[in-house]
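Remarks on the structure that follows.
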Amino acid sequence: METGIARHGSPEALESRLHRGTNQSGMRDHNERLVLSLVRQHGSLAKSDIARMTGLSAQTVSVIMRELEEDKLLLRQAPLRGKIGQPSIPMALNPEGAFFIGLKIGRRSAELVLIDFLGKVRAMLQHSYRYPAPRETVEFVTAGIKAMRSELTPAQDKRIAGLGIAMPFELWNWADTAGAPREIMDEWRHRDIRADIQAQCEFPVYLQNDATSACGAELVFGRAGGARDFVYFYIGAFAGGGIVLNGRLYSGPKGNAGALGSMPVPGPDGKPTQLIDVASIAMLERALSAKGIDGSRLWTSPQEWGEIGADLDEWIASASRALAYAIVAASSVIDFEAAVIDGWMPLDVRRRLVDAVTEAIATIDAEGLKLPVVREGTVGIHARAMGGASLPLSERFLIGPNTSGGA
Numbered sequence: 248m249e250t251g252i253a254r255h256g257s258p259e260a261l262e263s264r265l266h267r268g269t270n271q272s273g274m275r276d277h278n279e280r281l282v283l284s285l286v287r288q289h290g291s292l293a294k295s296d297i298a299r300m301t302g303l304s305a306q307t308v309s310v311i312m313r314e315l316e317e318d319k320l321l322l323r324q325a326p327l328r329g330k331i332g333q334p335s336i337p338m339a340l341n342p343e344g345a346f347f348i349g350l351k352i353g354r355r356s357a358e359l360v361l362i363d364f365l366g367k368v369r370a371m372l373q374h375s376y377r378y379p380a381p382r383e384t385v386e387f388v389t390a391g392i393k394a395m396r397s398e399l400t401p402a403q404d405k406r407i408a409g410l411g412i413a414m415p416f417e418l419w420n421w422a423d424t425a426g427a428p429r430e431i432m433d434e435w436r437h438r439d440i441r442a443d444i445q446a447q448c449e450f451p452v453y454l455q456n457d458a459t460s461a462c463g464a465e466l467v468f469g470r471a472g473g474a475r476d477f478v479y480f481y482i483g484a485f486a487g488g489g490i491v492l493n494g495r496l497y498s499g500p501k502g503n504a505g506a507l508g509s510m511p512v513p514g515p516d517g518k519p520t521q522l523i524d525v526a527s528i529a530m531l532e533r534a535l536s537a538k539g540i541d542g543s544r545l546w547t548s549p550q551e552w553g554e555i556g557a558d559l560d561e562w563i564a565s566a567s568r569a570l571a572y573a574i575v576a577a578s579s580v581i582d583f584e585a586a587v588i589d590g591w592m593p594l595d596v597r598r599r600l601v602d603a604v605t606e607a608i609a610t611i612d613a614e615g616l617k618l619p620v621v622r623e624g625t626v627g628i629h630a631r632a633m634g635g636a637s638l639p640l641s642e643r644f645l646i647g648p649n650t651s652g653g654a
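Per this note's numbering, the sequence shown starts with residue 248, numbered consecutively.
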């Protein structure tokens, strides 16, 4: 007798799985997320491997993986034949299993990215501006989503599982620093950008601080080198960051933990100032503008800034000192394994900055502290947009990486 309940492997059930709210998750969903998280972490795993890692029974793992395969979230790999017994069949994530959209709203540019279930970028759009305006931003997102979806097949389009927005909280407070008209920036105070975009989408929309999102991208898509506790700095128009504890992104009860841009550090004159006032790329642009040099390439060509010369040298020197103090200060609270630095900058500049931070830390009195290893981030200039896309991925399919970003 037909009951009207969608079969687990049916298209109706899959659409429900992709679009339903996480508050409907049950124990089976928890175990499915656990399996998907392990497969993502290891690349591919056999049922016996997952049973050993999780403590779940072989029968339970078999049922879970069969259902995930029916939902086309997992793909069978070539059998691995041992000397005895049946061949082992590893399972891997299906790139076409789900798609996610990430939006970064920055002080000088917006980015829209479409990624697949593996985190591979399928499409990306960028819009540069002098300052962000709500109406123009929504227009960019509306047109961008339409363009991206038009390139997908109907089957792929149905597998878009969510959109995540990465943007600075209280953006209106940065009007003076961003050099933007206060009346335009004040519009952000009265706009619910998540609701504006949600009204255009049938899939859920999430929101998180931009630097925290970049940290989440490093955790989900990056190569953390095994570190489960690290402090993360993203150097964009303004400096910010995030915190990972025990393999999970920690954003705090109000979503503002890891607000490293506000951390007090010594300024050029030795007096306390905030990290954001020293280590931000906006400071480099300001130095260039003071000499009549157009700094727009800092925002439009992040892969290659060209020859900047002494101004870049001076910015790296001051930014690295400020970052070194911020890392030592953070280490006095939590003994992080690593301090990760990434940003909207060419790879060679990032490498120079990290090397300079390592040298600067050696000059600071850190007696009694165990300092973290300082290393480069592995996601790069698109970390904030990728972090936005990681919000629905983590919220709906993984265990642990994100602890906030509610729809």
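For every residue, glycine included, the Cβ atom is placed at its ideal position computed from N, Cα and C. Please read these numbers as outputs of a predicted model, since none were measured by experiment.
Mapping the DSSP letters down to three states, classify residue 642 as helix, strand or coil. helix
For this session: Grab the span of the beta strand (DSSP E) containing residue 401 for me, first residue to last.
Result: The continuous stretches of beta strand (DSSP E) do not include residue 401, which lies in the alpha helix (DSSP H) extending over residues 401 to 404.
**Message:** Going by C-alpha to C-alpha distance, which of 525, 319, 461, 600 sits closest to residue 350?
**Reply:** 461
**Asked** If you run the structure through DSSP and keep just helix, strand and coil, what is residue 277?
**Response** helix
**Asked** Does the Cβ of residue 493 have 16 or more other Cβ atoms within 10 Å, making it buried, or fewer, making it exposed?
**Response** exposed
Determine which residues share a DSSP beta bridge with residue 347 and list them.
As computed with DSSP, residue 347 is found in a beta bridge with 362, 409.
Any 3 or more C-beta pairs closer than 8 angstroms across the region 477 to 486 and the region 433 to 447
no
Three-state secondary structure assigned by DSSP to residue 379: Reduced to three states, the DSSP call for residue 379 is coil.
**Asked** So residue 623 is in the beta strand (DSSP E); what residue range does that whole segment cover?
**Response** That run of the beta strand (DSSP E) goes 620 to 623.
ask   = Three or more beta-carbon pairs under 8 angstroms between the region 377 to 393 and the region 488 to 503, yes or no?
value = no
First and last residue of the alpha helix (DSSP H) that includes residue 463? 457 to 467
Exercise. For residue 608, name the three-state secondary structure that DSSP assigns.
Key: helix
* Cβ-Cβ distance between residue 381 and residue 443 below 9 angstroms -> yes
Over the uninterrupted alpha helix (DSSP H) stretch that includes residue 576, give me the two end residues. Going by DSSP, residue 576 is part of the alpha helix (DSSP H) stretching over 557 to 578.
Is the Cβ of residue 483 closer than 9 angstroms to any Cβ of chain C?
This model lacks chain C altogether; it includes just one protein chain.
task: Note down, in chain order, each residue of its chain lying with its Cβ closer than 6 angstroms to the Cβ of residue 305, except the 5 sequence neighbours on either side.
output: 298
Q. Given a threshold of 16 other Cβ atoms within 10 Å of its Cβ, counted over all protein chains shown, does residue 629 qualify as buried or as exposed?
A. buried
*asked:* Short of 6 angstroms in beta carbon distance, which residues of its chain neighbour residue 358, apart from the five on each side in sequence? Order them along the chain.
replied: Counting only Cβ-Cβ distances below 6 angstroms, and skipping sequence neighbours, we find 351, 373, 632.
- Query: Alpha carbon to alpha carbon, what distance is there between residue 468 and residue 627?
  - Reply: 11 angstroms
Next on the checklist: Between the alpha carbons of residue 586 and residue 484, how many angstroms are there, rounded?
Outcome noted: 20 angstroms
* To do: Output the distance between the C-alpha atoms of residue 638 and residue 346, rounded to the nearest integer angstrom.
  => Taking the straight line from one Cα to the other gives about 12 angstroms.
Subject >> Rounded separation between residue 409 and residue 348 - CA only >> reply: So the two alpha carbons sit approximately 6 angstroms from each other.
query = Relative to the C-alpha of residue 441, which residue among 488, 413, 419 is closest?
reply = 413
| Spatially closest choice to residue 458 from 508, 636, 395, by CA coordinates | Considering only alpha carbons, the answer is 508.
Checklist entry - Leaving out five residues before and five after residue 569 in sequence, what residues of the same chain have Cβ atoms less than 7 angstroms from its Cβ? => result Once the five neighbours on either side are set aside, the close Cβ partners of residue 569 are 512, 522, 525, 526.
Just the C-alpha distance for residue 451 and residue 445, rounded to the nearest angstrom, thanks.
7 angstroms
* Can you list, in chain order, the residues of its chain whose CB lies under 6 angstroms from that of residue 273, leaving out five sequence neighbours each side? -> Residue placement at residue 273 is flagged as unreliable, the pLDDT there being 45, under the threshold of 50; a coordinate-derived value is accordingly withheld.
My output table needs one value for residue 300: the three-state DSSP class, helix, strand or coil.
helix
So for residue 370, helix, strand or coil by DSSP? strand
To the nearest angstrom, report how far apart residue 396 and residue 404 are at their CA atoms.
6 angstroms
Q) How far does the alpha helix (DSSP H) with residue 512 in it reach, from first residue to last? A) Premise fails: residue 512 lies in the beta strand (DSSP E), 511 to 513, not in any alpha helix (DSSP H).
(Q) Here's a check: name, in chain order, each residue in its chain whose Cβ is nearer than 6 angstroms to the Cβ of residue 463, leaving out the five neighbours to either side. (A) 496, 634, 637, 649
Alpha-carbon to alpha-carbon, residue 533 and residue 659: The structure shown has nothing for residue 659, since the chain only spans 248 to 654.
### Task
Go ahead and pull the three-state DSSP assignment for residue 530.
helix
_Chain-order list of residues whose beta-carbon lies under 8 angstroms from that of residue 622 (same chain, five-residue window excluded)_ = 472, 585, 586, 587, 588, 601
*Contact between the region 607 to 618 and the region 561 to 580: three or more CB pairs below 8 angstroms?*
yes
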